[in-house]
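First residue of the sequence shown: 1217, per this note's numbering; consecutive thereafter. C-beta atoms are modelled at their ideal positions from N, C-alpha and C, and glycine is treated no differently. Presented below is the structure to which this report refers.
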Amino acid sequence: LKDFKPALEVLPDDCETFVTFGNIQLPEDMSRLINEAFFNMPFKKFCFEDIYHFHGGMSTIAKMMDNNTCLQKLEFDSIQDLDRNDIATLCSAIHRHTSLVDVSIADCFSNNLGNEMLRSLLRT
């Protein structure tokens, strides 16, 4: 992926560069490699769908967000096992990210955790 960075950097500004993680389980070593590979890559959108295990969870995703200054859109759909710590980590990463303008979260929470996340986003 790092070999493609020069090609991605010459794309027009209005070109939507994105990456989707779908139907995956990522153990620790793969999560670390992905985090390293995405360091400073100019992707405008990250999409996470139907993930059952992502080692490091939201902290890994937050690092990916922090390391990508071009990120404008973030989508989560049907992510399993999100908890209160994940909400705090994600909300913090969203608020730190200056170029992020669109966040979509669907079917990721149970037990009113979605309401807790919304309150957390609105509070800060």
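C-beta contact flag for Q1296 and D1318 at 8 Å: Q1296 is not a Cβ neighbour of D1318, given a cutoff of 8 Å.
State yes or no: is the C-beta of D1293 within less than 8 Å of the C-beta of D1245? Using a Cβ distance threshold of 8 Å, D1293 and D1245 do not count as a contacting pair.
Would you kindly report the start and end of the unbroken alpha helix (DSSP H) that includes E1225? The continuous alpha helix (DSSP H) containing E1225 extends over residues K1221 to E1225.
Please state whether DSSP places G1273 in a helix, a strand or coil. It is helical.
Length-filtered (3 minimum) beta strand (DSSP E) runs lying within the segment 1227-1265: Runs found: 1234-1238 and 1261-1265.
Would you mind working out which of N1283, L1290 and A1304 sits nearest E1252, comparing C-alpha positions? The candidate whose alpha carbon is nearest that of E1252 is N1283.
Hey, out of L1224, R1335 and L1298, whose CA is closest to D1266's CA? Per the Cα distances, L1298.
Looking at the structure shown, is D1282 part of a helix, part of a strand, or coil, going by DSSP? DSSP, read as helix, strand or coil, puts D1282 in helix.
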